[in-house]
Structure formats: structure tokens, C-alpha cells
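Chains as they are written, first to last, in the numbering used here: chain V, 325 to 743; chain P, 66 to 565.
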């Protein structure tokens, strides 16, 4: 075999890890499992067209089956790797097989609402996707955005309060982007105009938003809850016909407006970043600002604008917590989602679709944890709570390897100072 | 198109970078601007290109005063520039780089690169550039990247083309190609401003020469002037272009390198089974274009490289496997390629930098105690010996000029008992005066019976100093030749061409 590049060897290492996990899950979840219990997967949530109502299977058989699928997929992936082909589909099947093998074991004797599991996963990834899109916008143009958490929280707070005061989810949604934008404008002013260290700055902004919202929550939202913190929530909208597609319909097309807005944001950003003039310029100022300047692009103005738009995207994502979810604002309710969004951004190699995939994975881990917690599993619930974070750490360190951030990410630009 | 500068002045704090400079470039001429590093050439060109705003003065294009405050103004006035550090985004394609800032869009704001592709192909064919619009910049050789910059200037209709130190990064062959391209451009009516400090190239292509020293125009010369005339105008005094190399005795082999291979972290061989030896009282120069493995060999001499196979012996003692500190104390003086990054600690004082290697040993320290006064005394002594021009030895090292920083590195490395001096690109970025000093010092070491291993990409430096020359190409030593070799032959070797 020819000498492998670093990227290829990393991919091969991931393949070995996957193959080992597949074999391990076949053994542990399949062969070592006591037989006799059945697992039930439900596939219907509502009144969509029914393909399969539910699937009842002996859990040992299921674990064994999915484990073997994963082993086979690992083999196919390895053959494709040797032939120099892409291994995306085979590794996805392998990963899904391992996961299902585990699930069939963990839910032995229980009922798993499969569609609901995925629908919940999508919902939990919504703030992650909005947050990571904010990261793409900002970091692709060269400004490190640690303040996503703060932007989400500001969006959540303001939209919750405004929706409560106006009794209108519409106004809650409208103001959320401006709340996020306010925070990101602070980031832009200090990072771009005053060249403050962007990591420290982002951190400070997060603490600032935590502090302000905690204070207002305690002094205003709790004592005057009826007026200030009892906003309405968005209802789910069924997209005609589409929502009736089995499995996918209820997951993708029976959601609140904020999820549909998210689809739009993702498509718009991924198209614009790679296919438009704005995108070319944005990537140029993130990679080589001096070059961009030398052809007449106003580097700092473009960065400022992109950071502001990033704040608006994250702010809209913040509205998901209040008007898109429970209605009322709660202290520190973003609970680190902004940082997980940042991890999704890195895991996704600073590309919009990569970040979306990573966010969906994290969202799935999060929801799996809560579903298994509810139905009761052999695994202690404390451990289950760790799963999403564990997935984040493993994903970012083990499988991403050395990724290349935009070359000028985090470096303030001043004409004549850098090459 | 003609370009005229009148009374351009620019100061940075107390430093006068440009002092009322007047300059006129006529239509279709190659006008060389000759000056040392730090003479103010680049500042002047950045003013013309709108990257730096002058304090006073005006720029006239075809006799009309133009206000150029942004690069886009310069482009609109027909002024194009090929920068010393290329203004190309490495992860973009050629076409993407060329449309950047002048994008054409189609339906729904979608980028349209087709027109640019056509124009790139046209210009590329016209000059035999062999540039493919869809290649990624980071995969292209430096010489081709430079052509991309030239294409960009031509596509945007540059009538005056500024080339800022264009040959600094090129191989001798690429340099010759570039000089030919400049002649062709001139023949088509493009005016060229050629910024350089290389006398040979100026004499080869320039129609007129303007010499700048310390921010002022100090004279004009015609290309028929001799190299030493040009050099003394540039420096302001008589200069010895080739240092005097007296006769000397060569002793026993000091350094013997056998089958040295160096791998990168992915296991690729950067240096492949290289063998050579250096005798006492001899300068062996390792020549080659940047990036052919010389830097790694230099670093391996003091064990700064990680994946090393083969053997390096100093007076019979094996060096490979020792720590950096042990290698240095075995008798190796090491002048690294980048003074700022690897040779010195920028925020520490000159005195501290001078004793970095021995800071924990007597007489500077005992146990955990450091004796600052001893350090200061020693620093003052070395300042005098090496003629380091400084205000105060307690000033930070970053306050010194490049030449004086290099003197600090030399002073530190040569103050230990040394058998071998390893000097990697010792004069890169230095002014002529400092180059003279460094060259003299290297030859003094040789005459004192030390072995010298010199790594250099500068042909003239190699020819001036070396007793023998080893040429590296793609990680291997192609050939070891005696010092009498011609510059042309050496240039061919550096480009990988071996004669039977």
C-alpha cells in the first residue's frame, strides 16, 4: 500500500475504531444479552401515512442483527477506503448499526417511539444549528465567536419578555435577532475596532449576559411574572402533504415556524458562502485579509457586518428557548448550548453542512439520553446525562483530528501590520 | 502611461521613511528602484498603491494629479502591483483569486467565473504562463503564483506594474524567466517599476535606475554603471562586494554526516540519505532553493528535528540522539534561519539574550540564583567585540535592527568553545553593511580553524564564502562542487538539472 497522508491515516484509525465498536456491540449487546425480552419500536406519531405501525422484535436478535450490520458496514467501508473511494455512506450505516444495537439492548422489554426520538433530536439541535451558523458567519470572516452562548441567551430573554408583554409570539420572534445582534455588535466593536483578544472578549460577553439576565430575572421576571414572564409559545405548523410522509414527515414538516426559519437560514448561508460574491469576499477576509484589502475590499467593514448578522442568527436561535419552547424565561436556560454549538462548528470543519450534521448528532445524543432516562434503562441516569458531552468531546478530539480553521480566524486586521 | 511622484514624504514616529521623493517613470520603461532593506522602497510603493497614506506629496498619472487613498483607486488609475508577499488566498483557485474584489454575478447573485477563466487562459497563452484557472493556489509553485499576480494586474488593465522584490522567492531559472517576461511586457507598452536590491538583475533589465538611501533619492544611474558603483551609491560608502578570502590550511574532518534522513510527522522523507563532511578551516555551503530540505538538515545538526535516521558525528562523537543542549555544548554554534522566531526572545533584554545558552551556569548563576551584574558586564564586553550598536544592554532585543540582532546571535553562539559553526541563511534581510560584517566574521571563524557549515539560498553569498558547495534538491544532495563553479552552473543545479 502507498504511503498514506496524515488525513488518510486518521480516517483509517477512525475506521478501526468503528470496526472495533461494531464487533464489541455485537458481542456485548447481542451475544451476552439474556434472551426472552422484546423491544418495540413505534413509527407513527400522528395521522401521517402509515408504512409500518410498529416493529416488535426479540431484543437479543435485534442487537445481534444491528451489530452484524455494523460489522458488515465497517468491512465495506474498509474496502472502499482501500479502493480510494469515499466512505461516507458505509460509515454512516456502521455508526447507525452500532447505535441501534445499543438501543435494542438498552430498551429491552420497553417501547421506543422511534419517530419521536428523532423529532426530539431535531428540536434539541435547533439552538445548536442556529448557534453554529452564527459561528460560521463570524469565524469564516475571521472573528472568533465564543459569545454564541451569550447571543442565544440574550435572544431567549428578550424574545420571552417581549412576547409576554405584547402577548404575541410574532413580536417575540421579531425582536430576538436584535438582542443577539446587540451582543455581537459589542463583540465586533471591541474585537475589530479595538483589537481586544477575541477569546477573552467572548468569554466576558457571556458572563455579562448571564449577569444581566440573572439580575433582571430575579428582580423583574419573578416578582411580576404574570406580565413579564408568561409569554405565549409558537404552535407547530403542519406543511400540507409533506407532513404526511412516513417517518420523515412528522420529523421535518410538523414543526414551529422557528424550525422552518432555520431551514431557510442554513440553505441561505451554505449557498451564499460558496456561490456568491459576498461569500467569496467573506472567505477571503477570513483567510488572507491583506490580500482582500489589496483588491479594494473593506476588510473590517465586511467583518463587522458579518459579526452583526451572526448575532442576529444566534439571537433568533435564542427565541427557540422561550417562544419556541416553554414560553417563560428561566435563569441561564441556554445551559451551555452555545458552547456545544461552537463544538459543532469545529467538528463540522467550519462548513455549514458539516456544522449541521454535527449539531444533529449532538442533538440526537441529548434526546437519546432523555428518552432512555424516561423509559428506564440498565444504565445509571447520571451517566446518561453525560452522554451528549461525552459525544462532544470524543467527536471533537478523536474524529476531527487536526482541522484547519480559517487562517486569519481571531487575528484583528490593521493595514500595514501583517503580511 | 507615465507615472510621476512629487515630494512624497512619510514619517512613522521619528523615522522618516520617505523624505520628499521625486520620481518619474516614463511610458514603456523598466525603472529600477534600488535600495537596501529599510531604505523606504516598500513604503513608497505602498503609497503609490494606496495602502499607506503619505504625509505630503502628490502622484501624477499621465501628468494629471490623482488622489490614491485606496488600492481600488490605484487599480482604477491603471497601477497594478505584484507584492513581495503574494496577495493570494491559498485555499482559493486561480480564478477565484483573480475575480476577488471585481466579481461578476449572474442569477440570484451566483458567482460567474467563466469570463475570468477565459481571460486568464488568454493572458496565460499570450505569455506562455501555463496557468490553469481552476488550480488551487496552495498547490502551485511560487513562480507560478507570481505569474497569477501578474495576470491579475494585466486583466485589470495595469499600465504601470510595480514589482516589489519579485525575485526574492524565485530560483535562478525562475528569475531569468521573470526578467524575460518583464521585457515582453515592456515591449507591449507596460511601464514597470522594479524594486530590488540585487545589482545583477538591475543591470540585466533596467532602462533607468533610481537609488534610494534612508528615505531619500540619492541619485540616478544607467544600467551601464558597474556593480560596485551601484553598491556604493546604495550604501553610501565603498563596499567590498566579495570579501577577501586569504589562503588557509584545511585540517581534519570535524563534522561527518552519513545517510541522514529526516521525516515529517506523516512519515514522508523531507531529507533522504544525505552524506557530507566538513573539515576544520573549511566552509561547506549547502545551496538550494528554499524548501528543498536544507532547513531541516540545519536544524538536525543540533537535534531540533524529531524523526531523524542516520548519523552525525562531531570529532568522532555521535550527535544524533543527544539533547539540543548537549549538542550545543559539544561544540556547535548554531545561527538559526529566523532570528526573530528561533534565535532570540523578543521581549527579553539584549543582555539576557546574550547569555541564553549559559544562563544557568557559572559565572552567571549558582543554584537557583542569577547574578545580573555579571550578565551585564559580559554583555558590555560582547557588545564591544561584535560592534553591536545599541543604546543600553538592558533594552529589549526587539529595539535592535536586523543586523544588530544577528550580531547578538553570533556573539552568543561564538562565545562558547566552538568546533563547528552552523549558519542558516545568516544574512537574510540584512543591509549591505551588516552582510559585510557577518561574512567577515564567518571567514574569520574559518581562518581560526573551525569548520563552517553554511546554508544559503543566495548564489552570491555561496560563491563568496564557500570552499566547497553542496547543492540540495528535493531532499537530496545532487552534487558537491568546488568553489570555482560558475553562477550559471550552480543555478542549474539548484533547479535540479544535473549534467552528465
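Don't be surprised by glycine CBs; every beta carbon is placed ideally from N, CA and C.
- Here residue 442 of chain V has 575 as same chain residues with Cβ atoms under 7 Å from its own Cβ, once five neighbours each way along the sequence are excluded.
- In this structure, DSSP gives residue 376 of chain V a state outside helix and strand, which the three-state scheme calls coil.
- For the 7 Å CB-CB criterion, residue 258 of chain P and residue 96 of chain P form a contact.
- Per DSSP, residue 96 of chain P is one residue of the beta strand (DSSP E) stretching across 95 to 99.
- Judged by DSSP in its simplified three-state form, residue 645 of chain V adopts coil rather than helix or strand.
- In this chain, residue 653 of chain V is not harboured by any beta strand (DSSP E), its DSSP state being neither H nor E.
- Against residue 161 of chain P, the close residues of chain V are 604, in the order they occur along the chain (beta-carbon pairs closer than 7 Å).
- Where residue 437 of chain V is concerned, there is no enclosing alpha helix (DSSP H), although the beta strand (DSSP E) around it starts and stops at 435 to 437.
- Close to residue 521 of chain V, with beta-carbon spacing below 8 Å, lies no residue of chain P; the smallest spacing is near 17 Å.
- Assignment of residue 119 of chain P by DSSP, reduced to helix, strand and coil, places it in the coil class.
- A Cβ-Cβ separation of about 6 Å places residue 453 of chain V in contact with residue 586 of chain V under the 8 Å criterion.
- Against residue 739 of chain V, the close residues of chain P are 116, in the order they occur along the chain (beta-carbon pairs closer than 7 Å).
- Three or more Cβ pairs closer than 8 Å define a contact, and the segment 327 to 347 of chain P falls short of that threshold against the segment 276 to 293 of chain P.
- Taking 7 Å as the threshold, the shortest C-beta distance from residue 621 of chain V to chain P falls below it.
- Contacts between residue 616 of chain V and chain P, judged by CB atoms closer than 9 Å, involve 152, 154, 165, 166 in chain order.
- If you ignore the 5 residues before and after residue 358 of chain P, its C-beta comes within less than 6 Å of the C-beta of 335, 336, 537, 540, all in its own chain and listed in chain order.
- When V/366, V/378, V/385, V/373 are compared, the shortest CA-CA separation from residue 357 of chain V is found for V/385.
- Scanning its chain for C-beta atoms nearer than 8 Å, with the 5 sequence neighbours on each side dropped, one finds around residue 507 of chain P the residues 348, 486, 488, 491, 517, 519, 530, in chain order.
- Here residue 445 of chain P is exposed, its C-beta having fewer than 16 other C-beta atoms within 10 Å.
- Here residue 524 of chain V is exposed. Its C-beta has fewer than 16 other C-beta atoms within 10 Å.
- Taken residue by residue, none of the segment 485 to 498 of chain V has a beta-carbon sitting less than 9 Å from a beta-carbon on chain P.
- When only Cα atoms are considered, residue 498 of chain V and residue 646 of chain V end up about 13 Å apart.
- Taking 7 Å as the cut-off, the beta carbon of residue 668 of chain V is found no closer than this to the beta carbon of residue 659 of chain V.
- With respect to the C-alpha of residue 232 of chain P, the residue from P/248, P/201, P/188, P/266 having the closest C-alpha is P/266.
- Spatial neighbours of residue 621 of chain V in its own chain (CB-CB distance under 8 Å, excluding positions within 5 residues in sequence) are listed in chain order as 605, 608, 609.
- Taking 7 Å as the threshold, the shortest C-beta distance from residue 539 of chain P to chain V does not fall below it.
- When P/236, P/278, P/179, P/448 are compared, the shortest CA-CA separation from residue 497 of chain P is found for P/278.
- Contact between residue 341 of chain P and residue 367 of chain P fails: their C-beta atoms lie close to 17 Å from each other, not under 8 Å.
- Judged by pairs of C-beta atoms under 8 Å, the segment 474 to 489 of chain V does not touch the segment 675 to 689 of chain V, as fewer than three such pairs exist.
- In the DSSP annotation of this structure, the continuous segment of the alpha helix (DSSP H) that includes residue 424 of chain V starts and ends at 412 to 430.
- Counting the other Cβ atoms within 10 Å of the Cβ of residue 612 of chain V gives 16 or more, which makes it buried.
- One thing to note: residue 93 of chain P has its Cβ no nearer than 7 Å to the Cβ of residue 360 of chain P.
- Taking 9 Å as the cut-off between beta carbons, none of the residues of the segment 655 to 676 of chain V comes near chain P.
- When the Cα atoms are used, residue 139 of chain P and residue 553 of chain P turn out to be separated by approximately 38 Å.
- Taken through DSSP and simplified to helix, strand or coil, residue 437 of chain P comes out as helix.
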